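Participant: In our numbering, the protein residues as written are 79 to 465.
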Amino acid sequence: MTQNMIEPRLIEAIKANALERIAAISDAQWQAASDARNPNVLFLAVRQKAHDALLYLMDIGLDIHAADRHGQRLLHLAAHLGDAFVVRLLIQRGIAVDETNNKGQTALMLAALKGSLDTVDILVEKKANLFATDEEGSHVLMYAIKSKKPSMLKRLLKEQTPVHLANHRGETVLHILAAQGVPIMYDLLMPHAVNPYRTNLYNQTPLHYAALAPNDTILEPLLDAGLNSYDRDLFDMTPYDLAVKHGQHDAVNHFTRLKNDPVIQAHYLAHPLHRALRFKEYEAAHACIKQAHQLDARDCYGNTPLFYALMAKDVMLVKALLSRKVITDKIDATGSSAWIHAVLSGNPALLSAVLPHVEVVAQTAQSLLGQTGQTELENYLQTVVSP
Numbered sequence: 079m080t081q082n083m084i085e086p087r088l089i090e091a092i093k094a095n096a097l098e099r100i101a102a103i104s105d106a107q108w109q110a111a112s113d114a115r116n117p118n119v120l121f122l123a124v125r126q127k128a129h130d131a132l133l134y135l136m137d138i139g140l141d142i143h144a145a146d147r148h149g150q151r152l153l154h155l156a157a158h159l160g161d162a163f164v165v166r167l168l169i170q171r172g173i174a175v176d177e178t179n180n181k182g183q184t185a186l187m188l189a190a191l192k193g194s195l196d197t198v199d200i201l202v203e204k205k206a207n208l209f210a211t212d213e214e215g216s217h218v219l220m221y222a223i224k225s226k227k228p229s230m231l232k233r234l235l236k237e238q239t240p241v242h243l244a245n246h247r248g249e250t251v252l253h254i255l256a257a258q259g260v261p262i263m264y265d266l267l268m269p270h271a272v273n274p275y276r277t278n279l280y281n282q283t284p285l286h287y288a289a290l291a292p293n294d295t296i297l298e299p300l301l302d303a304g305l306n307s308y309d310r311d312l313f314d315m316t317p318y319d320l321a322v323k324h325g326q327h328d329a330v331n332h333f334t335r336l337k338n339d340p341v342i343q344a345h346y347l348a349h350p351l352h353r354a355l356r357f358k359e360y361e362a363a364h365a366c367i368k369q370a371h372q373l374d375a376r377d378c379y380g381n382t383p384l385f386y387a388l389m390a391k392d393v394m395l396v397k398a399l400l401s402r403k404v405i406t407d408k409i410d411a412t413g414s415s416a417w418i419h420a421v422l423s424g425n426p427a428l429l430s431a432v433l434p435h436v437e438v439v440a441q442t443a444q445s446l447l448g449q450t451g452q453t454e455l456e457n458y459l460q461t462v463v464s465p
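Here's what the structure looks like:
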């Protein structure tokens, strides 16, 4: 046998899933067989979905814990292939359900990406960690969205999942969704009070991602939620700018129509405080607050000025509004309270400004803090909120 090669007759026996041919080959030959891709022939049997061969080879003692050069083990491979039979078999044989590969991916993440409902059902039944994150901070809901299979997202949303947890780039599930361009998934997320206004680390909204999506169907629900093509990121680029730069003509046309829509323009004129906050015209916003102008009014998107001030992460504006005794409960279209947005902002200064004006549900707060990745924020909340 050539080094780092599996003999063709061994490969053919596994591909045929032929137990007689497999048994005719010595155990020692099977145990020695490997190549650059397959640490042992169990990997080849899983790739070929040769279940009889796999059971035989496991029974003669091949290592079910082996990993390839990427840290991928048999459970990862079976989950990636959506092979529910092998996933259940491996767990029954003692494989840890949450073991990770070199990218920090679990079997549940890979099964969700594949869109295999049967495999996900088994892993959830076996108590796979729904809050696990990979090396980029992405979690299972993000993998489900990348599968582009609404049934997978719907299945996972039945569990307690980290719907508000952002990855290391600050991307939320809606950023990932906007990039994929699957509007039906947006409808599935909305009952879970997912906030479309949250920005990533580069101050980009989901609309920045939607501007570059493979189709423009995801634009409509985001624009209906109130996002606009004027929001600038840290690179001074708006969704409109990105669409123009990358030749996304449908998106450009969509944004241009809305920019000139008289109904939208009239809406902004009718809500000067909301407009000032949305367009980061902070001097104008402070002037409106001093005049006590529409402090608790909701715009056509169902949001109050306090909500927009929190989205801007402007502590002075938030304090100015709170000093005027504005409402703090159900301040946006999702029905979320000010303290929830403050917690999810990951900004201790915002939370400090809001907490004296609200009644926090400690259990809910701790659950949300688990989705911010902000240990300092969690420690702070524990000092000011009684269980």
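Note that the Cβ used here is the ideal one computed from N, Cα and C, for glycine as well.
Being a predicted model, the structure only gives us computed values, none of them experimental.
Give the straight-line distance between the Cα atoms of Ser423 and Met389, rounded to the nearest whole angstrom.
Facilitator: Residue mapping note: residue 423 aligns to position 345 of the sequence shown, counting from 1. Residue mapping note: residue 389 aligns to position 311 of the sequence shown, counting from 1. About 8 Å.
Participant: At what residue ranges does the segment 361 to 406 contain a whole run of the beta strand (DSSP E), taking only runs of 3 or more?
Facilitator: The segment 361 to 406 contains no whole beta strand (DSSP E) run of 3 or more residues.
Participant: Per the DSSP calculation, Ala145 is bridged to which residue(s)?
Facilitator: Within the sequence shown, residue 145 is the residue found at index 67, counting from 1. In DSSP, Ala145 forms a bridge with Arg151.
Participant: Excluding the 5 residues preceding and the 5 following His270 in the sequence, name in chain order all residues of the same chain whose CB lies nearer than 7 Å to its CB.
Facilitator: Taking the sequence shown and counting its residues from 1, one reaches residue 270 at position 192. Excluding residues within five positions, the ones whose Cβ falls inside 7 Å are Leu235 and Val241.
Participant: Let me make sure I understand the geometry here. Which of Asn281, Asp265 and Val322 has the alpha-carbon closest to that of Asp302?
Facilitator: Taking the first residue of the sequence shown as position 1, residue 302 is located at position 224. Asp302 has its Cα closest to that of Asp265, out of Asn281, Asp265 and Val322.
Participant: Look at the Cβ atom of Leu351, then the Cβ atom of Pro383, and state whether they are nearer than 8 Å.
Facilitator: Within the sequence shown, numbered from 1, the residue matching residue 351 stands at position 273. Within the sequence shown, numbered from 1, the residue matching residue 383 stands at position 305. Cβ distance < 8 Å, so Leu351 and Pro383 count as in contact.
Participant: Would you report the Cα separation of Leu188 and Val119, rounded to the nearest angstrom?
Facilitator: Translated into positions along the sequence shown, residue 188 becomes position 110. Translated into positions along the sequence shown, residue 119 becomes position 41. Taking the straight line joining both Cα atoms gives about 21 Å.
Participant: Measure the alpha-carbon distance for Tyr134 versus Lys224 and round it to whole angstroms.
Facilitator: For the purposes of this step, residue 134 is identified with residue 56 of the sequence shown, where counting begins at 1. For the purposes of this step, residue 224 is identified with residue 146 of the sequence shown, where counting begins at 1. Between Tyr134 and Lys224, the C-alpha separation is close to 35 Å.
Participant: Is Ala257 helix, strand or coil by DSSP?
Facilitator: Position 179 of the sequence shown holds residue 257. Helix, per DSSP.
Participant: In the DSSP assignment, the alpha helix (DSSP H) including Arg87 goes from what residue to what residue?
Facilitator: Here residue 87 is taken as the residue at index 9 of the sequence shown, counted from 1. Pro86 to Lys93 is the span of the alpha helix (DSSP H), which, as asked, contains Arg87.
Participant: Determine the DSSP secondary structure at Ile200, reduced to helix, strand or coil.
Facilitator: Taking the sequence shown and counting its residues from 1, the one referred to as residue 200 is at position 122. In the structure shown, Ile200 sits in a helix (DSSP, three-state: H, G or I).
Participant: Are Pro274 and Thr295 close, meaning C-beta to C-beta below 8 Å?
Facilitator: For the purposes of this step, residue 274 is taken as residue 196 along the sequence shown, with counting starting at 1. For the purposes of this step, residue 295 is taken as residue 217 along the sequence shown, with counting starting at 1. No, the Cβ-Cβ distance between Pro274 and Thr295 is not below 8 Å.
Participant: Mind checking whether Phe385 and Asp410 have CB atoms under 8 Å apart?
Facilitator: Against the sequence shown, residue 385 aligns to sequence position 307. Against the sequence shown, residue 410 aligns to sequence position 332. Cβ distance < 8 Å, so Phe385 and Asp410 count as in contact.
Participant: Helix, strand or coil: how does DSSP classify Gln343 here?
Facilitator: Indexing the sequence shown from 1 puts residue 343 at position 265. Correct three-state label for Gln343: helix.
Participant: Can Val218 be considered in contact with the ligand SAM, in the sense that its beta carbon sits closer than 7 Å to one or more heavy atoms?
Facilitator: In the structure shown, the ligand SAM is absent, as is every other ligand, since no ligand is present at all.
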